[in-house]
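A quick write-up on the structure given underneath.
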Amino acid sequence: MRARPRAARGAVLATSLLAASLAAEADEGMWTFDNPPVAAVQQRYGVTLTPEWLSRLQKASVKLGASASFVSGQGLLLTNHHVALGCIERLSRAGKDLAGHGFVAPTRAAELRCPGETARVLQSTEDVSAAVQQAMATGSTDEQRNTLRKASIGEIEKRCEAAGQPGAGQLRCEVVALYSGSVHHLYRYKQWDDVRLVFAPEYQAAFYGGDPDNFVFPRYAFDFALMRAYENGHPATTPDHLKLASAPLAEGDVVFVAGHPGHTDRLQTLAQLKFQRDIELPLDLASARAQQALLQAYSARSPEAARQALDRLFGTENWLKAMRGEYAALSTPALMAAKQADEARFRAAYAARGLAGDPWADVEAATARHAAKVKELKAIGYGYKTLFSVAGDLVEQAYERRLPEGERLAKFRDAALPEIERRVLAEVPYYKDLEVARLAGLLAEARDLLGNEHAYVKATLAGATPQATAEQAVRASRLDELAVRRALLGGGVAAIEASDDPLIRLAREAYPLRRELARWREEKIDTPIEHAAERLGQARFAIYGRDLPPDATGTLRLSYGKVAGYDANGVATPWKTTVGGLVARADAFDGKAPFNLSPAVAKARSHIDPQVPLNLVTTADIIGGNSGSPLVNRRGEWVGLMFDSNLEALGGRYVYTDDKARSLAVHAQAILQALEKVYAAPQVARELRGTVARPHRR
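Throughout, my numbering is defined as the position within the sequence shown, counted from one, plus 809.
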């Protein structure tokens, strides 16, 4: 559930957007932990963010696909159900529907390992901008500079990982570009490769109200799950964990969010925003609608088919609704007028300082080139988490790892290869009927975008229909067998070229076209935009200092705000909902889907305290990727779990507003109520409360 609303309320932003500027305002900002908003928080809320407070929160914050946090000293992880849904689905089979029925591990021994799952905690950061810039300075062309940049980043990451381990667990190192590439930081992570499912409610309880209630408030969702990190076969020791709040939460309280927001475009130029609005988002919306229709049709075949497609359909509908919100935001005249005014002020300040060049023109030229090939860039691929994408990973990693690091496609640098290998070797169930339907849809979309005469269409379809090609390739493929994938991964190029697996053959046909296109994109789009963005980023520093946070990049960030209700078009909306409100909503809809109570909640309704807060809203600035982030109070104690935003948060990718926009969280007391009163998991509740002694290891 990404923190984006539907397209229905575009007008609500008009007033606040007109006041938007390059300087951070109100509770705006997703701040890096090396540059926290100490002064702003002190001035607005009278709270001092000490180094010890920040360090403890950083070490408890976990990257788990999206976000999570350690909430006990024995590696217990709190995240959203929809973040854990991939794991839940991978552990499910026909007759074993963990999503539909929920899961409770009665003992540690019963906790289920999630295939391919990893958990990471940021240990430290280091500014390596000078080293990257020095390496790039020896290049005389954009292409050379880009090759040198990738080689330098790869070398920095390798040296970092060779330096040792930060205690137990693995060390993973990643160079992160911030402020549009004008700054590069080395992030050192401690990683756990053994993550197990501890608890999950039924899907109906976690996603109560279904797609109609997605991105709205009032909301009534038990959207939480619990997992555990293990090391050497035992629960991980995690002394830097969050403790449950000792005092109740109230409206007006200051709160903080630590998580991994995926991507914002608040620093992009007007030309880039227009490209998204006029070209990129319409294509993505059409693709999402087609995938939604395909998955809905597949789900309608049978209850088992619906179970198989649940995770993919949920993700697609969530993506679709989020993009509708983004498109509506960019179509709002007030937003674009505010962005145009911001850019005009920035241009004037840039010129007043006598800075050389016109980086805006360079971005506009690269964006125009992007528009000319955008359909190819969208269509020539392997799909998202498909069996065909596994074939693509196998083919591409084999060929790319033969090259010097600076000449590889960026996603295949040495530091990234372990993640690709883990993804390929995960013991994931594949359903051939679903894979046929998804591959046929992918090939049909490519044909419709590119035409029958395009080289990619000819290579993949060879004159056949998308359905016939998908049927033949998927039915005959053995990539669903782990032993086959392992042999291909370990055999290198020789094994790939000798393979007669039809999905591998399709991926081999696609690879040269994909690589040529990727190299063209790096040279003609990404590198010119990165260089222009570097100049713009340096100018921002000179003009505004570091009072402006960088765009979100999927890395750890700190946001702050307050618990606050709001006025929704004349309707007073409270800061929280209650468990009793959930029951009343179900009754008001006569228990009809998707507003029916889950079986466990329905059975326990007479035992649940109706006054317990269920969901709540805050002004904290979040975006997709913040799902699963802990919500903490001024003492750094956890009071809730972020999971969504409301409709009025329209445009959060491009601009912040706290007039009516709100981020949504599951209240901590609702989590405890569910564990103790609904799902008979008091042992987990005791661990969350901090009343469980750590078991001795034998």
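C-beta atoms are modelled at their ideal positions from N, C-alpha and C, and glycine is treated no differently. For clarity, every value in this text was computed on a predicted model and none was experimentally measured.
Assign Asp-1467 to buried or exposed, taking buried as 16 or more other Cβ atoms, counted over all protein chains shown, within 10 Å of its Cβ.
buried
Look at the Cβ atom of Glu-1060, then the Cβ atom of Trp-1384, and state whether they are nearer than 8 Å.
yes
With a 10 Å radius around its C-beta and 16 neighbouring C-beta atoms as the bar for buried, classify Ser-1436 as buried or exposed.
So Ser-1436 counts as buried.
Contact between the region 1487-1502 and the region 862-877 is defined here as three or more beta-carbon pairs at a separation below 8 Å; is this criterion met?
no
When you compare only the Cα positions, how much space is there between Gly-1460 and Ala-1138?
5 Å
Using 8 Å as the cut-off, can you tell me whether the region 918-931 makes contact with the region 1118-1135, which would need three or more C-beta pairs spanning the two stretches below that distance?
Contact between the region 918-931 and the region 1118-1135 is absent, because fewer than three Cβ pairs lie under 8 Å.
If you draw a straight line from the alpha carbon of Arg-902 to that of Tyr-1239, how long is it in whole angstroms?
10 Å
Cut-off 7 Å between Cβ atoms - residues of its own chain near Glu-1254, not counting five sequence neighbours on either side:
Ser-1096, Ala-1099 and Ala-1188
For Tyr-854, which residues in the same chain have their Cβ closer than 7 Å to its Cβ, ignoring the five residues on either side in sequence?
Val-1063
I think Ile-1334 touches Val-1204, with their Cβ atoms under 8 Å apart; what is that distance to the nearest whole Å?
Wrong, their Cβ atoms sit about 24 Å apart, outside the cutoff.
Presumed contact (8 Å Cβ cut-off) between Pro-1168 and Ala-1341, rounded CB distance
4 Å
Does the beta carbon of Ser-864 come closer than 8 Å to any beta carbon on chain D?
Protein chains in the displayed structure number just one, and chain D is not present.
Around the C-beta of Thr-1364, are 16 or more other C-beta atoms found within 10 angstroms, so that it is buried, or is it exposed?
buried
Beta-carbon proximity of Pro-1400 to Leu-1423, cut-off 8 Å
For the sequence presented, residue 1400 should be read as Gly rather than Pro. No. Outside cutoff.
Which two residues bound the contiguous beta strand (DSSP E) that contains Tyr-1353?
First-last for Tyr-1353: 1336-1353, but that is the alpha helix (DSSP H), not the beta strand (DSSP E).
Under 8 Å: do the region 896-916 and the region 930-947 share three or more Cβ pairs, one atom per stretch?
no
Going by DSSP, what residue range makes up the beta strand (DSSP E) through Glu-935?
928-936
Own chain, CB closer than 7 Å to Ser-1286, minus 5 neighbours either side, in chain order
Leu-1196, Asp-1310, Pro-1311 and Leu-1312
Going by C-alpha distance, which of Ser-1055, Ala-1411 and Arg-1366 is nearest Gly-1449?
It is Ser-1055.
For the alpha helix (DSSP H) containing Pro-1275, list its first residue and its last residue.
Start and end: 1275-1285.
Limits of the unbroken alpha helix (DSSP H) element including Gln-1013:
1012-1015
Just curious, the beta strand (DSSP E) that Lys-872 is in, first and last residue?
870-873
Excluding the 5 residues flanking Gly-1250 on each side, which residues of the same chain have their C-beta closer than 6 Å to its C-beta?
Leu-1103
If we count the other Cβ atoms within 10 Å of its Cβ and call it buried at 16 or more, is Tyr-1193 buried or exposed?
exposed
At the level of alpha carbons, what is the spacing between Val-1237 and Glu-1126?
Rounded to the nearest angstrom, the two C-alpha atoms are 22 Å apart.
Report the three-state DSSP secondary structure of Arg-1471 (helix, strand or coil).
Assigned with DSSP and collapsed to three states, Arg-1471 falls in coil, not helix or strand.
Considering just the uninterrupted stretch of the alpha helix (DSSP H) at Gln-1101, what are its terminal residues?
1090-1108
Please look up how many angstroms separate the CB atoms of Gly-764 and Glu-1339, rounded, as I've assumed it's under 8 Å.
Residue 764 is absent from the structure shown; the chain starts at 810 and stops at 1507.
Straight-line Cα distance separating Gln-1101 from Val-1410:
29 Å
Output yes or no for whether 8 Å exceeds the beta carbon distance between Pro-1044 and Gly-884.
yes
Note down, one range per segment and in chain order, each beta strand (DSSP E) of at least 3 residues found wholly within the region 1409-1435.
1422-1427
How close, in whole Å, do the beta carbons of Ile-962 and Val-984 come, if the pair is a contact with beta carbons under 8 Å?
4 Å
Below 8 Å on the Cβ atoms is my contact criterion, and I expect Met-1451 with Ile-1432 to pass it. Report the Cβ-Cβ distance as a whole number of Å.
Wrong, their Cβ atoms sit about 11 Å apart, outside the cutoff.
Presumed contact (8 Å Cβ cut-off) between Thr-841 and Pro-1359, rounded CB distance
7 Å
With a 10 Å radius around its C-beta and 16 neighbouring C-beta atoms as the bar for buried, classify Lys-1267 as buried or exposed.
exposed
For Gly-819, does the count of other Cβ atoms within 10 angstroms reach 16, so buried, or fall short, so exposed?
Because the pLDDT at Gly-819 is just 34, under 50, the model does not fix this residue reliably, and the value given afterwards should be weighed accordingly. The residue in question, Gly-819, is buried, as its Cβ has 16 or more Cβ neighbours within 10 Å.
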